[in-house]
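>
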Amino acid sequence: MDISACGPVDLAWKLWIYTNYDCNLKCSYCVAKSGPNVPRRAIGLANVCRLVDEAVALGFAHFFFTGGEPFLLNDIYDMLAYSSERVATMVQASEIRDGMTVIAVLQAALDRVSIAKE
Ligand code: SF4
Numbered sequence: 047m048d049i050s051a052c053g054p055v056d057l058a059w060k061l062w063i064y065t066n067y068d069c070n071l072k073c074s075y076c077v078a079k080s081g082p083n084v085p086r087r088a089i090g091l092a093n094v095c096r097l098v099d100e101a102v103a104l105g106f107a108h109f110f111f112t113g114g115e116p117f118l119l120n121d122i123y124d125m126l127a128y129s130s131e132r133v134a135t136m137v138q139a140s141e142i143r144d145g146m147t148v149i150a151v152l153q154a155a156l157d158r159v160s161i162a163k164e
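Reading the sequence shown from the start, the letters are residues 47 to 164 in my numbering.
Have a look at this one:
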């Protein structure tokens, strides 16, 4: 078969951004091996903005923010707002527990929120 005759494959490119590795929970199934005593290793707002810009330029269509627990970071709302202004943005979280957090998430205009349960 001549593969060159098939043309480009239209894939919806998805970028996963691990914002940090610490988490308030310690789930047995956690692929990131996150937990309360895990070093934070946060990526930081400036790096997220740079990654978002580069990924948008490359044609990525969806961004997923995960960790660790992204909502342990003070600048997560700025990260989500920056991303959601440019591309479909989703976040996985376990820490959405109060009204202020819910309002902040809604203001970030996210496309999806996924909540983990220990
Ligand atoms: S909530 Fe998510 S990041 Fe935290 S320990 Fe559980 S699976 Fe890992």
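Glycine included, every Cβ here is placed at the ideal spot set by N, Cα and C.
Once you ignore the five residues that flank A58 on each side, which residues in its own chain have a CB closer than 7 Å to its CB?
Cβ within range, chain order: A107, H108.
> Decide if the segment 69–83 is in contact with the segment 92–107; the criterion is three or more beta carbon pairs, one per stretch, under 8 Å apart.
Result no; under three Cβ-Cβ pairs closer than 8 Å.
> I want to check one thing, is the minimum distance from the CB of E115 to the heavy atoms of the ligand SF4 below 7 Å?
It does: the Cβ of E115 is within 7 Å (strictly closer) of some heavy atom of the ligand SF4.
> Since I89 is in the beta strand (DSSP E), which residue starts that stretch and which ends it?
Taken as a continuous stretch (DSSP letters only), I89 belongs to no beta strand (DSSP E), as it is neither H nor E.
> How is L126 classed by DSSP in three states: helix, strand or coil?
Of the three classes helix, strand and coil, the one that applies to L126 here is helix, per DSSP.
> Is there at least one non-hydrogen atom of the ligand SF4 closer than 7 Å to the beta-carbon of L71?
L71 Cβ: within cutoff of the ligand SF4.
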